[in-house]
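Notes for the one structure printed next.
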């Protein structure tokens, strides 16, 4: 009589399914010329097979066990990892070879198109129709920022392009943040805490007294920031 | 249904609690049914200024936690029958406030009152954000000096982003109330002028409350300044601000202390 029931075991091993898409090599006779073609592909794109293990489909060939082993060795010598072999009887595969795979389905391998370097996104612009309050931070790396109102002390505007403030600029303005050194900063009343264009900055202390509280624009002349009245 | 009005500032010590009590009392005197709610958990002052500190049994946190029902916590003012107070806890702190609790209390208060005045604590953290969360209108109390103006600007930014109304795309009606204004010092340039403050804050002006000893006197007695001495300059200024809040068109002016003949003859009043 069982006085104590067997406690149910907590399942420690969980089986889940996952599918991967692999390249399939279908070698043709003569194997040597097929391997030469592989070499030609590798010469054109040396790193093509890195991270892309392949499956060998040997259904169309009748290779002996040693021939299969030799083929796999030749491919691995070329730094191509073989993930599995299909289309042969299991007896011809020794334990040291990649495993036999069955049940594969054809699927389309999406070629990864290389992004054309240097294609720039068209610049856009951000319009804010209310004042920018203290503590608010406006970050817009894609283009110009226009503010219809004042930018309060303690606020900051970070733009990839130029900054236009139709009001007093009392906070921080950083233009041209993505390396755009031709960006400018415009405002109707310059009382900025900090101005920066493409990383070159100037604080309020360095602002000339004659310019203070007047409409002004700031731009970069080499490494010097020039600030001039707007009229 | 009540209008929820938050009295906030960002900076501490500018006159939020004084304003909540003064305008709350002025609204009640004008016939409105008003409840003033103290959101400064842990540093409560509204009960002192209202003169109710000896009658506090249950507070806002007790109601949030469900320990007490709202009618048990509400204290009726002894002088004005339309004025009620919901005090804050002194033993807890702002972390005891929850958004759901505040929502529930505001929801329970709305049907029975015309105005719910929320006395916000200073700062921009949980207490201040919860006090403004359900506001329909806001009074931003500002002293005419640079740090107060910058902090008020920050709070205005938060009223436009951290309130339920702002999240729905509607606007909270904002008014600036300038307190502790001294016309002589402003003329000398020691204080920011009214125009400077309004230019920076870009928000309509509700009123200008002059600096006055009456405020301290009233708070020590435990009476809102509009009730203690209605003839005083700050009291008249608060009444004008309240009339503007109710929609009346009152010309903007800075009331000055009326120096009658008896005052000049008899000198300062003994406290």
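Protein chains in written order, with this note's numbering: chain E, 309 to 539; chain B, 8 to 278. We treat Cβ as the ideally placed atom computed from N, Cα and C, and that holds for glycine.
Are the Cβ atoms of residue 47 (chain B) and residue 128 (chain B) separated by less than 8 Å?
Within the second chain, the letter at position 40 stands for residue 47 (chain B). Within the second chain, the letter at position 121 stands for residue 128 (chain B). For residue 47 (chain B) and residue 128 (chain B), yes; Cβs fall inside 8 Å.
Between residue 84 (chain B) and residue 77 (chain B), how many whole angstroms is the CB-CB distance? I'm expecting something under 8 Å.
Your numbering for residue 84 (chain B) matches position 77 in the second chain. Your numbering for residue 77 (chain B) matches position 70 in the second chain. Incorrect: roughly 17 Å between the Cβ atoms, too far for contact.
Positions along the stretch 439-454 of chain E whose CB lies within less than 7 Å of some CB in chain B:
Within the stretch 439-454 of chain E, contact with chain B at the beta-carbon level (separation under 7 Å) is assigned to 439, 441, 442, 443, 444.
How far does the beta strand (DSSP E) with residue 533 (chain E) in it reach, from first residue to last?
To locate residue 533 (chain E), count along the first chain from 1; it is residue 225. Start and end: 532-537.
At 7 Å on the CB atoms, spell out the chain B contacts of residue 461 (chain E), in chain order.
One-based indexing of the first chain puts residue 461 (chain E) at position 153. The answer, in chain order, is 157.
Run the CB neighbour count on residue 181 (chain B), radius 10 Å, all protein chains shown included, and call it buried at 16 or more, exposed below.
Looking up residue 181 (chain B) in the second chain gives position 174. Classification for residue 181 (chain B): buried.
is_contact[residue 163 (chain B), chain E] using C-beta, thresh 8 Å
To locate residue 163 (chain B), count along the second chain from 1; it is residue 156. Yes, contact with chain E.
Within chain B, the residues that residue 253 (chain E) reaches when beta carbons sit closer than 9 Å:
This structure cannot speak to residue 253 (chain E), because chain E is shown only from 309 to 539.
Between residue 372 (chain E) and residue 400 (chain E), which are expected to be in contact by the criterion C-beta below 8 Å, what is the C-beta distance as a whole number of angstroms?
As a working mapping, residue 372 (chain E) is identified with position 64 in the first chain. As a working mapping, residue 400 (chain E) is identified with position 92 in the first chain. Right, their Cβ atoms sit about 7 Å apart.
Among residues of its own chain, excluding the 5 on either side of residue 33 (chain B), which ones have a beta-carbon nearer than 6 Å to its beta-carbon?
Residue numbering aside, residue 33 (chain B) sits at position 26 when the second chain is read from its first letter. The answer, listed in chain order, is 233, 245, 246, 249.
Which residues of chain E have a Cβ atom closer than 8 Å to the Cβ of residue 138 (chain B), listed in chain order?
One-based indexing of the second chain puts residue 138 (chain B) at position 131. Correct list: empty, because the minimum Cβ distance to chain E is about 18 Å.
Within this structure, are the beta carbons of residue 87 (chain B) and residue 57 (chain B) separated by less than 8 Å?
For the purposes of this step, residue 87 (chain B) is identified with residue 80 of the second chain, where counting begins at 1. For the purposes of this step, residue 57 (chain B) is identified with residue 50 of the second chain, where counting begins at 1. Result no, Cβ atoms of residue 87 (chain B) and residue 57 (chain B) do not sit closer than 8 Å.
Taking 8 Å as the CB-CB cut-off, is residue 457 (chain E) touching chain B?
Start at 1 with the first residue of the first chain, and residue 457 (chain E) comes out as number 149. Interface residue, yes.
Counting pairs of Cβ atoms below 8 Å between the stretch 20-31 of chain B and the stretch 222-238 of chain B, do you hit three or more?
yes
Taking the straight line between their C-alpha atoms, what separation do you get for residue 368 (chain E) and residue 379 (chain E)?
For the purposes of this step, residue 368 (chain E) is taken as the residue at position 60 of the first chain. For the purposes of this step, residue 379 (chain E) is taken as the residue at position 71 of the first chain. Rounded to whole angstroms, residue 368 (chain E) to residue 379 (chain E) spans 14 Å at the Cα level.
Using only CA atoms, which one of E:387, E:396, E:353 lies nearest to residue 374 (chain E)?
As a working note, residue 374 (chain E) is residue 66 in the first chain. Measuring from the Cα of residue 374 (chain E), the nearest candidate turns out to be E:396.
Can you give the Cα-Cα distance for residue 474 (chain E) and residue 197 (chain B), rounded to whole angstroms?
One-based indexing of the first chain puts residue 474 (chain E) at position 166. One-based indexing of the second chain puts residue 197 (chain B) at position 190. Spanning the two alpha carbons is a distance of roughly 29 Å.
Can you find a CB in chain E that lies within less than 8 Å of the CB of residue 209 (chain B)?
By one-based count along the second chain, residue 209 (chain B) stands at place 202. True, the Cβ-Cβ gap to chain E drops below 8 Å.
Opposite residue 528 (chain E) in the DSSP bridges: which residues?
What you label residue 528 (chain E) is simply residue 220 of the first chain in a count that begins at 1. The partner list for residue 528 (chain E) (beta bridge, DSSP) reads E:533.
DSSP puts residue 445 (chain E) in a beta bridge; with which residues?
Translated into positions along the first chain, residue 445 (chain E) becomes position 137. E:464.
Say whether the stretch 93-102 of chain B touches the stretch 35-45 of chain B, bearing in mind that this needs 3 or more beta-carbon pairs closer than 8 Å, one atom from each stretch.
Enough Cβ pairs lie closer than 8 Å, so yes.
Quick one: Cα of residue 488 (chain E) to Cα of residue 356 (chain E), how far?
As a position in the first chain, residue 488 (chain E) is number 180, starting the count at 1. As a position in the first chain, residue 356 (chain E) is number 48, starting the count at 1. So the two alpha carbons sit approximately 36 Å from each other.
Cβ neighbour criterion (16 or more within 10 Å) applied to residue 52 (chain B)
Taking the second chain and counting its residues from 1, one reaches residue 52 (chain B) at position 45. Buried, by the Cβ-count rule.
On the DSSP bridge list, what partners appear for residue 182 (chain B)?
Here residue 182 (chain B) corresponds to residue number 175 of the second chain, with the count starting at 1. DSSP output for residue 182 (chain B) lists B:146 as bridge partner(s).
Looking at the secondary structure, which residues open and close the beta strand (DSSP E) in which residue 452 (chain E) lies?
Along the first chain, one-based indexing puts residue 452 (chain E) at 144. First-last of the beta strand (DSSP E) with residue 452 (chain E): 451-455.
Using a cut-off of 8 Å between C-beta atoms, extract the partners of residue 256 (chain B) located in chain C.
Judged by its chain identifiers, the structure shown contains no chain C, and its protein chains are E and B.
Proximal chain E residues relative to residue 160 (chain B), where beta-carbon distance stays under 9 Å
Indexing the second chain from 1 puts residue 160 (chain B) at position 153. Neighbours of residue 160 (chain B) on chain E, chain order: 439, 441, 442, 443, 460, 461, 462, 463.
Leaving out five residues on either side along the sequence, give the residues of the same chain with a beta carbon under 6 Å from the beta carbon of residue 179 (chain B).
In the second chain, the residue the question calls residue 179 (chain B) occupies position 172. Result list for residue 179 (chain B): 142, 145, 166, 170, 172, in chain order.
Do residue 462 (chain E) and residue 485 (chain E) count as a contact pair if the criterion is CB distance below 8 Å?
Translated into the one-based positions of the first chain, residue 485 (chain E) becomes position 177. Translated into the one-based positions of the first chain, residue 462 (chain E) becomes position 154. No.
Alpha-carbon to alpha-carbon, residue 253 (chain B) and residue 452 (chain E):
The count along the first chain starts at 1 and reaches residue 452 (chain E) at position 144. The count along the second chain starts at 1 and reaches residue 253 (chain B) at position 246. One C-alpha to the other measures close to 43 Å.
Apart from the five residues on each side of it in sequence, which residues of its chain come closer than 8 Å, Cβ to Cβ, to residue 242 (chain B)?
For the purposes of this step, residue 242 (chain B) is taken as residue 235 along the second chain, with counting starting at 1. 29, 221, 232, 233, 235, 236, listed in sequence order.
From E:532, E:414, E:481, pick the residue whose C-alpha is nearest to that of residue 446 (chain E); which is it?
For the purposes of this step, residue 446 (chain E) is identified with residue 138 of the first chain, where counting begins at 1. Answer by Cα proximity: E:481.
Among B:214, B:49, B:206, B:17, nearest to residue 459 (chain E) - alpha-carbon criterion:
Position 151 of the first chain, counted from the start, is the residue given in the question as residue 459 (chain E). The residue among B:214, B:49, B:206, B:17 with its C-alpha nearest the C-alpha of residue 459 (chain E) is B:206.
Range of the contiguous alpha helix (DSSP H) that encloses residue 355 (chain E)
As a first step, residue 355 (chain E) is located in the first chain; it is residue number 47 there, counting from the start. Taken as a continuous stretch (DSSP letters only), residue 355 (chain E) belongs to no alpha helix (DSSP H), as it is neither H nor E.
With burial defined as no fewer than 16 other Cβ atoms inside 10 Å of the residue's Cβ, what is the status of residue 147 (chain B): buried or exposed?
As a working mapping, residue 147 (chain B) is identified with position 140 in the second chain. Buried, because 16 or more other Cβ atoms sit within 10 Å of the Cβ of residue 147 (chain B).
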